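Visitor:
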């Protein structure tokens, strides 16, 4: 996978013609997959590389002047997912104020200067240029005689468009199974295992405490059946997102994963957690014994989920 960055000022950096799709692509969900599949198909037919053009930072930060925006995927995840889907290279637009303020035609001129496009694939609602004033209609006009424009219509599911915001809402409501269905893969977060207070270990439920990036969108607080991955190895996991109100209260949301049938130490190591089903909401118990009894039931619920779902 090749990764390039395009800045407003600079020489042409892409060394050959490409068929590319363009967008922010948070989540690279089933709706995005329609653009990617078309891009890969067009590139193969044209005998050139396929590319995904995305933006960094998030346009909402550059244009909306927001300090923090939570996402379904980090840039690292998007690059990895794009590669799995057949994309040859990812082109990151350095979306600073100067680029955001380019009029639509100037934006396309800048893009063509840096990237020899054979075809550009976009969604029906793609907008570009200052104030988002460019549309698919102006794109066709600005591309005339230079490259082909292919517009992909909305991909709907149960009558509604599949979108990053729809998936985000599912996660905020704890509907991780539905989020995974719309994504086309289980929702996953990544982080580094930090040092906790080791209360769980004392109770017979050692946990990996995952420290995530601020931009990572966490599902609704509660207990989940999921999976942990470390260096290619996977374990069934009981994942808790919350404030640990009974015995170890914390102000900020914590993410703790109890890996079933695993006694390894993962401190300071990168780990991935995937979410399959929300088992229950977080709750405060009257005593430590009540909490431990519930943890035993939760762990059994995780085992039952994997057995009943047939998920390996």
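In the working numbering, the protein residues as written are 736 to 1047. Backbone N, C-alpha and C define an ideal beta-carbon position, used for all residues, glycine too. As the structure is a prediction and not an experimental result, all values here were calculated from the model.
1. Does residue 815 come within less than 9 Å of chain C when only Cβ atoms are used?
2. How is the beta strand (DSSP E) around residue 968 delimited, first residue to last?
3. Considering only DSSP beta bridges, list what residue 824 is partnered with.
4. Judging by CA-CA distance, which residue of 883, 943, 942, 955 is the nearest neighbour of residue 977?
5. Examine the Cβ distances between the stretch 745-763 and the stretch 855-863 and report whether three or more of them are shorter than 8 Å.
6. When the Cα atoms are used, what is the spatial distance from residue 966 to residue 893?
7. Quick check on the burial criterion: 16 or more other C-beta atoms within 10 angstroms. Buried or exposed for residue 1063?
8. Can you give the Cα-Cα distance for residue 740 and residue 789, rounded to whole angstroms?
9. Taking contact to mean 3 or more Cβ pairs, one atom from each stretch, closer than 8 Å, check whether the stretch 940-958 and the stretch 795-809 are in contact.
10. Here's a check: name, in chain order, each residue in its chain whose Cβ is nearer than 8 Å to the Cβ of residue 885, leaving out the five neighbours to either side.
11. Quick check: residue 960 and residue 1008, are their CB atoms within less than 9 Å of each other?
12. So the candidates are 824, 1000, 769, 771; which of them puts its Cα closest to the Cα of residue 928?
13. According to DSSP, simplified to helix, strand and coil, what is residue 853?
14. With which residues is residue 964 paired in a DSSP beta bridge?
15. Identify the residues that DSSP records as bridge partners of residue 887: which are they?
16. In whole angstroms, give me the CA-to-CA distance for residue 748 and residue 880.
17. Could you round the C-beta distance between residue 993 and residue 1041 to whole angstroms and report it? I think they count as a contact, below 8 Å.
18. Can you look up residue 943 in the DSSP assignment and give me helix, strand or coil?
19. Tell me the residue span of the alpha helix (DSSP H) that contains residue 917.
20. Are residue 902 and residue 764 close, meaning C-beta to C-beta below 9 Å?
21. Give the DSSP-derived three-state secondary structure of residue 1002 in the structure shown.
22. Since residue 845 and residue 945 are thought to touch, with beta carbons under 8 Å apart, how far apart are those beta carbons, to the nearest angstrom?
23. Under a three-way DSSP split, which group does residue 992 fall into?
Guide: With the given structure in hand:
1. Structure shown: chain C not included; a single protein chain is present.
2. Bounds of the beta strand (DSSP E) holding residue 968 are 968-977.
3. According to DSSP, which records beta bridges pairwise, residue 824 is partnered with 737, 786.
4. Among 883, 943, 942, 955, the Cα nearest to that of residue 977 belongs to 955.
5. The answer is yes - the stretch 855-863 touches the stretch 745-763, with three or more Cβ pairs under 8 Å.
6. Using only the alpha carbons, I get a separation of about 37 Å.
7. No information on residue 1063 is available, as it lies outside the stretch 736 to 1047 that the chain covers here.
8. Going from the Cα of residue 740 to the Cα of residue 789 covers about 10 Å.
9. The stretch 795-809 and the stretch 940-958 touch, with three or more beta-carbon pairs separated by less than 8 Å.
10. The beta carbon of residue 885 lies closer than 8 Å to those of 773, 777, 854, 855, 856, 857 in the same chain, with the five residues before and after it left out.
11. No.
12. Closest option to residue 928, Cα to Cα, is 1000.
13. Here residue 853 sits in strand by DSSP.
14. DSSP lists 969, 1007 as partners of residue 964.
15. Beta-bridge pairing links residue 887 to 858.
16. Our two residues, residue 748 and residue 880, have alpha carbons roughly 22 Å apart in a direct line.
17. About 14 Å separates the beta carbon of residue 993 from that of residue 1041, a gap too long to meet the 8 Å contact definition.
18. Annotated three-state conformation of residue 943 is strand, per DSSP.
19. Segment 911-918, the alpha helix (DSSP H) holding residue 917.
20. Yes, Cβ-Cβ distance for residue 902 and residue 764 is below 9 Å.
21. Of the three classes helix, strand and coil, the one that applies to residue 1002 here is coil, per DSSP.
22. The beta-carbon separation of residue 845 and residue 945, rounded to 39 Å, does not stay under the 8 Å limit for a contact.
23. Shown here, residue 992 sits in a strand according to DSSP, grouped into three states.
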